[in-house]
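Trainee: Before I ask anything, here is the structure I am working with.
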Amino acid sequence: MENLIELMKRDLSTIQLDAQLGLYHQPTRRWVQGDGEGSPEGFDSEYILRLTGRLQAIETRGDGTASSVEIMNAIQDWVADETGHGWPELQDEIGNYLGLLSPALSETGSAVWAVNDISIPAGRLPDWKARIHS
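Quick note on this note's numbering: the sequence shown kicks off at 1148 and runs consecutively.
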């Protein structure tokens, strides 16, 4: 699994929110991505997401990795709570709303933000900043 936490930090740079992100793997009792301290207790899942003061159980995919879509959904919800609006919103060149990007997986299994026929790889929102509403 790519380092989704680092990709999400890059995407969050489009809105200047400082998120503390980490992914904990219970079977190995270590933080496998991002920031984290200690060992979260009271969770039945293999993976636990740390997101600025929150801990959340994350589903495990069939290949044994954490669900990228679930992690992205949690981050998207956190941004909406912090800013009061959906994120990331896609706009055209003159500012017309095209839709709210949603977490998804590409045909190759990579994490992407998608709406309609547009798909932006996770970590690439800064490259689309002219069209992403923050």
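Where a beta carbon is used, it is the ideal one built from N, C-alpha and C, also for glycine.
With a threshold of 16 other CB atoms inside 10 Å of the CB of ILE1241, please say whether the residue is buried or exposed.
Mentor: Taking the sequence shown and counting its residues from 1, the one referred to as residue 1241 is at position 94. With fewer than 16 Cβ atoms within 10 Å of its Cβ, ILE1241 is classed as exposed.
Trainee: What does a CB cutoff of less than 6 Å around MET1148 pick up in its chain, not counting 5 residues either side in sequence?
Mentor: Translated into the one-based positions of the sequence shown, residue 1148 becomes position 1. Unreliable positioning characterises MET1148 in this predicted model, as indicated by a pLDDT of 49, which lies under 50. A coordinate reading is not provided.
Trainee: Which residues mark the beginning and the end of the beta strand (DSSP E) in which ALA1204 is found?
Mentor: Residue mapping note: residue 1204 aligns to position 57 of the sequence shown, counting from 1. Element bounds for ALA1204: 1201 to 1205.
Trainee: Taking the straight line between their C-alpha atoms, what separation do you get for ASP1239 and PHE1190?
Mentor: On the sequence shown, position 92 is the one that residue 1239 refers to. On the sequence shown, position 43 is the one that residue 1190 refers to. One C-alpha to the other measures close to 42 Å.
Trainee: Which residue wins for smallest C-alpha separation from TYR1171, given the options THR1161, GLU1184, ASP1165 and SER1160?
Mentor: Counted from its first residue, the sequence shown places residue 1171 at position 24. Of the candidates THR1161, GLU1184, ASP1165 and SER1160, the one whose C-alpha sits nearest the C-alpha of TYR1171 is GLU1184.
Trainee: Nearest by alpha-carbon distance to ALA1269: which of LEU1237, MET1219 and GLY1181 is it?
Mentor: Working through the sequence shown from its first residue, we reach residue 1269 at position 122. Of the residues LEU1237, MET1219 and GLY1181, the one whose Cα lies closest to the Cα of ALA1269 is MET1219.
Trainee: Can you name the residues that DSSP bridges to LEU1168?
Mentor: By 1-based counting over the sequence shown, the position of residue 1168 is 21. Under the DSSP definition of a beta bridge, LEU1168 partners with LEU1198.
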